[in-house]
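Worksheet for the structure shown next.
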Amino acid sequence: GVPPTDSPVPGTPIPVEVGKVTFIDNAVDPTTGTIKLKATFPNTSRTLWPGLFVQVALQLTTDPHAIVVPAVAVQTSQQGQYVYVIKADRTAELRNVQIDRQQGEETIIAQGVSAGEEVVTDGHLRLTPGARVTVPGESGTSGRRGAGADAGAGSGSSGGARRGEGRRGESGRGTGY
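The letter at position 18 of the sequence shown is residue 10 when you use our numbering, and the numbering goes up by one with no holes.
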């Protein structure tokens, strides 16, 4: 079957309409690397107008077993790509990872991180393996708790790191203009 698509207007977080792809061209434009698609939207809210620029997202597939981390958590060294995982004792562990693919601000990890593990998303320059990581909202620190919350990292230094969580999620979402 043909996958559904949604069409948000740039600058607004809410999808305007959900439509259906009605045509997929089988030729790739060699100058732009794009493929022509046509979709039909019901436009019941009358928010779509002729000539209006919209950003279209097309869900190609869903992988319920994908391990997804924030793209900023993945760092690159001469030995390859890695993330810092926050262990149960609140110390940082450097883990080499294999990347499946990246889509927007999320990266799908093929190997190296398990679902539910916390990864550092900021403050990597001050972080070393075994360094204590504190997350605001835990151990008497202030701030909000959860994925994306700020965390201090490094040998007694404060501030800078954030954490994200390895989670299972959707993959294969493509966007076009």
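All C-beta atoms in this analysis are idealised placements derived from N, C-alpha and C, irrespective of residue type, glycine included. Computed from a predicted model, the values in this text were never measured in an experiment.
Three or more beta-carbon pairs separated by less than 8 Å are not found between the segment 75 to 84 and the segment 40 to 54, which leaves the two stretches without contact. Under the three-state reduction of DSSP output, V111 falls in the strand class. In the three-state reduction of the DSSP assignment, V64 falls in the helix class.
Contact check for V66 against V89 passes: the beta carbons are separated by less than 9 Å. Counting only residues of its own chain and dropping the five nearest sequence neighbours on each side, Q103 has a CB closer than 7 Å to the CB of V89, Q90.
Annotation for F15: the continuous beta strand (DSSP E) segment containing it runs 10 to 20.
The C-beta distance from R82 to T126 rounds to 7 Å, short enough to fall under 8 Å.
The C-alpha of E9 lies about 44 Å from the C-alpha of E85. Here the C-alpha atom of S106 lies approximately 7 Å from the C-alpha atom of I59.
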